[in-house]
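Report on the structure given below.
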Amino acid sequence: MTLKIHGIAASRAARPLWLLEELGVPYEHVSQSYLGGATRTPEFLALNPNGHIPVLEDDGIVVWESMATTLYLARKFGGPLAPGNLAEEAEALRWTFWAVTECEKDALSVLMHRVAMPADRRDHAVADQAEGNLARPLAILDAHLATRPYIAGERFTVVDVNVASVLAWAQPSRKLMEANPKLADWLKRCLDRPAHQKVRQLAKTGR
Ligand SMILES: N[C@@H](CCC(=O)N[C@@H](CS)C(=O)NCC(=O)O)C(=O)O
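For our numbering, count along the sequence shown from 1 and bump the result up by 928.
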């Protein structure tokens, strides 16, 4: 059975899609939207009772939660993108949980209220507050990246996909990027990778 990813690229499905493009593993992309109740049908809820994308299906295994999908793919397909030892695995786990718990909500607020929503619906106070909340966690990653080019060390791995896919939402904040130059440079290097650019193109076409 073909490996399937459900979820349009302009969503958190970009995370497993980016990793699969990095890995060069064949997969089927079901470009399922989250709009208009599409994730509330009985068929979709049978796949993910939370009613969210992405969902990964692989040989009878169903994985939801975007970060779980990327960690699953790295574990299954291995190679240089997977943690190579327990220390790298610890880096993958701690920074992935960190991104989701310490950064994701505020990064999304920056994206929505600085660039994504129509100008008349943006609330600058919400964006300012989110930038304020992100100042400390981003400084922590910036310091970590002062001594290594990638989060787990010398090479790009799954944890870079996980964390960059969250912090991409905060990239429109010039204030945060200027305050954290190592992080800004790392983020740009990650997001410029051809595999990520391919997913971004997919998102632009609505798939
Ligand atoms: N923590 C979940 C969040 C998933 C999520 O909220 N996905 C959004 C799209 S990015 C969604 O499906 N929203 C539709 C809805 O909640 O109805 C994950 O990382 O997979």
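A virtual CB, placed ideally from N, CA and C, is assigned to each residue, including glycine.
The structure presented is a predicted model; accordingly, all values stated were derived computationally and were not measured.
- Tyr1078 is bridged by DSSP to Gly1081.
- For Leu984, the uninterrupted beta strand (DSSP E) segment begins and ends at Val983 to Asp986.
- Taking 7 Å as the cut-off, one finds at least one heavy atom of ligand 1 near enough to the beta carbon of Glu993.
- If you check the C-beta of Tyr962 against ligand 1, you find a heavy atom less than 7 Å away.
- Fully contained in the region 985-1053 are the following alpha helix (DSSP H) runs of length 4 or more, in chain order: 994-1005, 1014-1026 and 1032-1039.
- His934: member of the beta strand (DSSP E) spanning Lys932 to His934, first to last residue.
- For Pro977 and Arg968, the gap between their C-alpha atoms comes out near 9 Å.
- Relative to ligand 1, Thr967 has its C-beta within less than 7 Å of a heavy atom.
- Under the three-state reduction of DSSP, His1124 is assigned to helix.
- Inter-residue distance for Thr997 and Leu948 is about 10 Å (C-alpha atoms, whole angstroms).
- Segment contact: the region 1012-1029 against the region 937-946, fewer than three CB-CB distances shorter than 8 Å; contact not assigned.
- With fewer than 16 neighbouring CB atoms inside 10 Å of its own CB, Ile989 falls in the exposed class.
- Judged by their CB atoms, Glu1032 and Ser1101 are not nearer to each other than the 8 Å cut-off.
- In this structure, Ile1079 lies near Trp1023, with their beta-carbon atoms less than 8 Å apart.
- The criterion of a C-beta distance shorter than 8 Å is satisfied by Leu1111 and Asp1070.
- Here the alpha carbon of Pro1008 sits roughly 15 Å from the alpha carbon of Asn1090.
- Bounds of the alpha helix (DSSP H) holding Val1091 are Val1086 to Leu1095.
- DSSP, reduced to helix, strand and coil, places His980 outside both helices and strands of the structure shown, so it counts as coil.
- Annotation: the continuous beta strand (DSSP E) that includes Val958 extends over Glu956 to Val958.
- Nearest neighbour of Ala1123 by Cα position, chosen from His934, Glu950, Ser939 and Ala937, turns out to be Glu950.
- Between ligand 1 and Ile981, a heavy atom-to-CB distance of less than 7 Å is present.
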